[in-house]
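Read the structure below first, then the notes.
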Amino acid sequence: MYPEHTPHVPVQRAVEVHQPTPYPLAVAAPSPVVPMPPGTVPAVASIVLPDGRVVTGYAIEPARPAPVTAKPAVSRVAVNVALGGVGFLAVCGGLILLTSFIAALTAFITQLIILAAVTFGGWIAVQIFSTSGHEGGTTVNIRKAVIKRNHFNG
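In this note's numbering, the protein residues as written are 14 to 167.
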């Protein structure tokens, strides 16, 4: 037989019942009461809904935007750029002074070396070419030497 011609027979199934497990209520600490000076308690407002229900509660004031702080006349970026330029100029001036100092020191040391060379060289020249001096030096007599076939006969 075809399935569309078979009578529908409901199947009996076992019924399972699930009972909810109650959780113990956690007792929260009471929230602190903020003391308010008298006269600042907000007014209670009641609203009638279209279906006739009345909702009562405190009126909520709309949030006010934070006051706009006045912007300075000059931006911080411009101030930072200007301070960076001043610092750069100070460094450049210091470098110019440093290089001038190094050049002057080099010239001074060069002049000292030249002065020492001239003084010491003049002293040596006077010692060599002076005729007045002590006569007690060593005398070396050089006589004729005969050099024959790479042999020195003295």
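Every residue, glycine too, gets a C-beta built ideally from N, C-alpha and C.
Just so it is clear, the structure is predicted and the values come from calculations on it, not from any experiment.
Problem - alpha helix (DSSP H) segments (min. 4 residues) lying fully within the segment 81-132 - result: none
| request: To the nearest angstrom, report how far apart S59 and G65 are at their CA atoms. | output: 12 Å
* Asked: Mapping DSSP to helix, strand and coil, what is V28?
  -> coil
Beta strand (DSSP E) segment containing A76, residue limits
Here A76 belongs to no beta strand (DSSP E), and DSSP marks it neither H nor E.
Point to revise | C-alpha distance - L111 paired with V94, whole-angstrom precision | key: 25 Å
According to DSSP, is G134 part of a helix, a strand, or is it coil? If DSSP states are grouped into helix, strand and coil, G134 belongs with the helices.
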